[in-house]
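In the numbering used here, the protein residues as written are -12 to 414.
Using N, Cα and C, we set each Cβ at its ideal position, and we do this for glycine too.
Being a predicted model, the structure only gives us computed values, none of them experimental.
In what follows, a structure is listed as structure tokens, so that the remarks can point back to it.
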Amino acid sequence: MIEKTRQLLKTRYRISDELLDLHDRVLEELAPELSYYDEIREYNQLKVTRAFHEERISDSMFSMSSGYGYGDLGRDKLDAVYARVFGAESALVRPHFVNGTHAITAALFGNLRPGDTLMTITGRPYDTLHNVIGIGSKKNVGSLMDYGVNYLEVDFKDGLPDKETIRQMLAEHDVKMVHIQRSTGYSWRPSMNLTVMADIIRFVKEQKDDIIIFVDNCYGEFIETVEPTELGADLIAGSLIKNPGGSIAPTGGYIAGRADLVEQAAYRLTVPGIGGECGSTFGVTRLMFQGFFLAPHISMEAVKGAIFCARLMEHLGYEVKPRATERRTDIIQAIRFGEPGKLIRFVKGIQYGAPVDSFVECEPWDMPGYDDQVIMASGSFIQGSSIELSCDAPIREPYIAYLQGGITFDHARTGILIAVSNTLQQE
Ligand SMILES: *Cc1c(COP(=O)(O)O)cnc(C)c1O
-12 MIEKTRQLLK TRYRISDELL DLHDRVLEEL APELSYYDEI REYNQLKVTR
38 AFHEERISDS MFSMSSGYGY GDLGRDKLDA VYARVFGAES ALVRPHFVNG
88 THAITAALFG NLRPGDTLMT ITGRPYDTLH NVIGIGSKKN VGSLMDYGVN
138 YLEVDFKDGL PDKETIRQML AEHDVKMVHI QRSTGYSWRP SMNLTVMADI
188 IRFVKEQKDD IIIFVDNCYG EFIETVEPTE LGADLIAGSL IKNPGGSIAP
238 TGGYIAGRAD LVEQAAYRLT VPGIGGECGS TFGVTRLMFQ GFFLAPHISM
288 EAVKGAIFCA RLMEHLGYEV KPRATERRTD IIQAIRFGEP GKLIRFVKGI
338 QYGAPVDSFV ECEPWDMPGY DDQVIMASGS FIQGSSIELS CDAPIREPYI
388 AYLQGGITFD HARTGILIAV SNTLQQE
């Protein structure tokens, strides 16, 4: 960094010389790692651009629809662009999904019927899905299990899918759908990179060829050069408040995959028989296109922030997951603090560094959908956006912070320096 940057970080943000030296050293060490992701970004940008060209995206598609929203050309074209980029038959991209959890829920409820069995092979799913499945603290909320869907869970074994148990479960039970979670979520487990995912999808289909493979793709979009739908997954879903929204989409979620399965999910989002053919878009279509166009770039800015943070924390003696030079398939960086004080100070520091609400002191709270108290730093333009620099931590042992996002790598580094400085200062 140039002297002016250094002085400003020192005087305005009280970052120590030691930490600033470490910043420079980390950047130097990571140069080859960062350029690896630049090349993935370059390819994915081209992939998205080509889809815009092939669908002949035009200014006229950005206008607003109202009322029933019949024949909203922009909405239909956005679906088509997503489908092309994800190598899927069809997609459903809507601001009417309130978040990723909602999109995932529509995919599950739309395609499971009473008596069917859902089996996850990546351990306990992401927290907000517990009540959707029926394994959360809320009872009688209309979960899958309330509706008579059976649920089986197979955990990882030594960081990989447990093939032996999966084989056995598939032999013993009539499983309709297998659920795979690509990203770690709030757990100290590996994310599932797409090489491992392709292998396990093949394995599952060898056991039972008509099984539906569903992938929760949250946080994974554009981190590798392919997506799960290009590797045999039948249905995927994710959040536009994360990677594919590119920090520009104001809200929403998406589903992509086999046309019949996407249609069933659309019937769950709206009503049977109407599906994706209604739903006015309130003038947000341009933002959803623009966000998707930017998403390959923005997602990699976030990855770079995560890698930088990992290396810095490794130097400071913390255990991190993934390690700085491990190849990634999502934007999440977990840092293990081992005690609540440091964890909370780190999260607060991320908030102090945010462009919005930097003066706010975040505190642990009982967040809807989560069973433990959670502290969240998200001083973002889009409320709660985790493609913007943000940090979440359930207040439970062993006190792990999950850092993600950063729509510019420059800002992510500043935020991380402030957070680390805040963690260290009060020791
Ligand atoms: C964030 C996330 C979700 C839920 O997405 P929201 O938009 O927060 O509802 C589901 N699964 C995983 C793995 C996630 O990371």
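Practice problem: Spell out a yes or no on whether the region 204 to 214 and the region 160 to 172 are touching, meaning 3 or more CB-CB pairs, one atom from each, closer than 8 Å. | Solution: yes
Practice problem: Would you mind reading off the limits of the beta strand (DSSP E) that contains Arg323? | Solution: As a position in the sequence shown, residue 323 is number 336, starting the count at 1. Gln320 to Arg323 is the extent of the beta strand (DSSP E) around Arg323.
Self-check item: heavy atom of ligand 1 below 8 Å from Gln370 C-beta
Solution: Residue numbering aside, residue 370 sits at position 383 when the sequence shown is read from its first letter. No; taking the cut-off as 8 Å, the Cβ of Gln370 has no heavy atom of ligand 1 nearer than that.
Quiz item: Between Ile199 and Asn98, is the Cβ-Cβ spacing less than 9 Å?
Solution: Locating residue 199 in the sequence shown gives position 212, counting from the first residue. Locating residue 98 in the sequence shown gives position 111, counting from the first residue. Against a cut-off of 9 Å, the Cβ pair of Asn98 and Ile199 comes out as a contact.
Exercise. Might you give, ordered along the chain, the residues of its own chain that have their beta carbon closer than 6 Å to the beta carbon of Phe333, omitting 5 neighbours on each side?
Key: In the sequence shown, counting from the first residue as 1, residue 333 sits at position 346. Excluding positions up to five away in sequence, the list reads Ala388, Ala406 and Thr410.
Quiz item: Can at least three beta-carbon pairs, one atom from the region 311 to 323 and one from the region 210 to 230, be found at a separation below 8 Å?
Solution: yes
Quiz prompt | Collapsed DSSP secondary structure at Gly240 in the structure displayed | solution = In the sequence shown, the residue the question calls residue 240 occupies position 253. Three-state DSSP puts Gly240 in a strand.
Exercise. Report all residues from its chain with a CB closer than 7 Å to the CB of Ile394; omit the five preceding and five following residues, and keep chain order.
Key: Numbered from its first residue, the sequence shown carries residue 394 at position 407. The answer, listed in chain order, is Ser234, Ile285, Glu288, Ile374 and Glu375.
Practice problem: State buried or exposed for Lys144, treating a residue as buried only when at least 16 other CB atoms are found within 10 Å of its CB. | Solution: Counted from its first residue, the sequence shown places residue 144 at position 157. Label assigned to Lys144: exposed.
Quiz item: What do you reckon, are the CB atoms on Ile(-11) and Leu404 nearer than 9 Å?
Solution: Mapped onto the sequence shown, residue -11 falls at position 2. Mapped onto the sequence shown, residue 404 falls at position 417. Cβ distance not < 9 Å, so Ile(-11) and Leu404 don't count as in contact.
Self-check item: Residues near Tyr386 by beta carbon distance below 8 Å, same chain, minus five either side
Solution: Mapped onto the sequence shown, residue 386 falls at position 399. These residues qualify, in order along the chain: Arg323, Phe324, Gly325, Glu326, Pro327, Lys329, Leu330 and Ala380.
Exercise. Confirm, please, whether the CB-CB distance from Glu214 to Leu181 is below 9 Å.
Key: As a working mapping, residue 181 is identified with position 194 in the sequence shown. As a working mapping, residue 214 is identified with position 227 in the sequence shown. Cβ distance < 9 Å, so Leu181 and Glu214 count as in contact.
Practice problem: Within the same chain, show all residues whose beta-carbon is closer than 7 Å to that of Gly121, passing over the 5 residues directly before and after it, in chain order. | Solution: Locating residue 121 in the sequence shown gives position 134, counting from the first residue. Within the same chain, Gly121 has close Cβ partners Ser130, Leu131, Met132, Asp133 and Tyr138.
Quiz item: Should Ile382 and Ala236 be called a contact, given that it needs their Cβ atoms to be closer than 9 Å?
Solution: As a working note, residue 382 is residue 395 in the sequence shown. As a working note, residue 236 is residue 249 in the sequence shown. Cβ atoms of Ile382 and Ala236: not closer than 9 Å.
Exercise. Pull up the CB-CB distance for Ser408 and Gly336, whole angstroms please, since I reckon it's below 8 Å.
Key: Position 421 of the sequence shown, counted from the first residue, corresponds to residue 408. Position 349 of the sequence shown, counted from the first residue, corresponds to residue 336. Their Cβ separation, rounded to whole angstroms, is 7 Å, which keeps Ser408 and Gly336 in contact under 8 Å.
Quiz item: Helix, strand or coil: how does DSSP classify Arg176 here?
Solution: As a working mapping, residue 176 is identified with position 189 in the sequence shown. Here Arg176 sits in coil by DSSP.
Self-check item: Contact test: Thr115 Cβ vs ligand 1 heavy atom, cutoff 8 Å
Solution: Counting from 1 along the sequence shown, the entry for residue 115 is found at position 128. Under cutoff, so the answer is yes.
Quiz item: Are His83 and Thr257 close, meaning C-beta to C-beta below 9 Å?
Solution: Along the sequence shown, one-based indexing puts residue 83 at 96. Along the sequence shown, one-based indexing puts residue 257 at 270. The answer is yes: Cβ separation under 9 Å.
Self-check item: Heavy atom of ligand 2 within 8 Å of Lys144 beta-carbon
Solution: In the structure on display, ligand 2 does not appear, and the ligands it does have are ligand 1.
Quiz item: Identify the residues that DSSP records as bridge partners of Tyr138: which are they?
Solution: In the sequence shown, counting from the first residue as 1, residue 138 sits at position 151. For Tyr138, which the question treats as bridged, DSSP gives the partners Leu105.
Exercise. Please state if the CB of Ile91 and the CB of Val136 are separated by a distance shorter than 9 Å.
Key: Counted from its first residue, the sequence shown places residue 136 at position 149. Counted from its first residue, the sequence shown places residue 91 at position 104. Cβ distance not < 9 Å, so Val136 and Ile91 don't count as in contact.
Quiz item: For Ser77, which beta-bridge partners are listed by DSSP?
Solution: On the sequence shown, residue 77 is found 90 positions in, with the first residue counted as 1. Bridge partners of Ser77: Gly244.
Self-check item: the region 264 to 274 touching the region 74 to 83, judged by at least three CB pairs closer than 8 Å
Solution: yes
Quiz prompt | Best match in Val191, Ala220, Tyr357 and Met363 for proximity to Glu350 [C-alpha to C-alpha] | solution = On the sequence shown, residue 350 is found 363 positions in, with the first residue counted as 1. With distances taken between Cα atoms, Glu350 lies closest to Met363.
Quiz item: Ends of the alpha helix (DSSP H) at His40?
Solution: As a working mapping, residue 40 is identified with position 53 in the sequence shown. Looking at the DSSP string, the run of the alpha helix (DSSP H) that includes His40 is Asp4 to Glu41.
Quiz item: Measuring from the CB of Asp203, is there a heavy atom of ligand 1 at a distance below 8 Å?
Solution: For the purposes of this step, residue 203 is taken as residue 216 along the sequence shown, with counting starting at 1. Yes, ligand 1 has a heavy atom inside 8 Å of this Cβ.
Self-check item: Closest residue to Arg43 among Ala78, Phe276 and Gln412 (Cα-Cα distance)
Solution: Stepping through the sequence shown from its first residue, residue 43 is reached at position 56. The shortest Cα separation from Arg43 among Ala78, Phe276 and Gln412 belongs to Phe276.
Quiz item: Among the residues of its own chain, which have a CB less than 8 Å from the CB of Val162, if the five just before and after it don't count?
Solution: Taking the first residue of the sequence shown as position 1, residue 162 is located at position 175. Same-chain partners within the cutoff: Thr104, Leu105, Met106, Leu139, Met156, Lys195 and Ile198.
Quiz item: Using the beta-carbon count (16 or more within 10 Å), is Val309 buried or exposed?
Solution: By one-based count along the sequence shown, residue 309 stands at place 322. The identity of residue 309 in the sequence shown is Pro, whereas the question assumes Val. When all chains shown are included, Pro309 counts as buried.
Self-check item: Contact the region 33 to 41 vs the region 239 to 250: 3+ CB pairs below 8 Å
Solution: no
Exercise. Please indicate yes or no: does the CB of Arg169 lie closer than 8 Å to some heavy atom of ligand 1?
Key: If you number the sequence shown from 1, residue 169 lands on position 182. Correct: Arg169 has its Cβ closer than 8 Å to ligand 1.
Quiz prompt | beta strand (DSSP E) segment containing Leu390, residue limits | solution = Against the sequence shown, residue 390 aligns to sequence position 403. Run containing Leu390: Ile387 to Gln391, per the beta strand (DSSP E) assignment.
Quiz item: On the three-state DSSP scale, how would you describe Gly225?
Solution: In the sequence shown, the residue the question calls residue 225 occupies position 238. Strand.
Quiz prompt | Alpha-carbon spacing of Asp186 relative to Glu217, whole angstroms | solution = Position 199 of the sequence shown, counted from the start, is the residue given in the question as residue 186. Position 230 of the sequence shown, counted from the start, is the residue given in the question as residue 217. Each residue's Cα considered, the two are about 13 Å apart.
Quiz item: Ala220 by DSSP, collapsed to three states: which one?
Solution: As a first step, residue 220 is located in the sequence shown; it is residue number 233 there, counting from the start. Reduced to three states, the DSSP call for Ala220 is coil.
Quiz item: Is Lys229 near ligand 1, going by C-beta to nearest heavy atom under 8 Å?
Solution: Along the sequence shown, one-based indexing puts residue 229 at 242. Indeed, a heavy atom of ligand 1 lies less than 8 Å from the Cβ.
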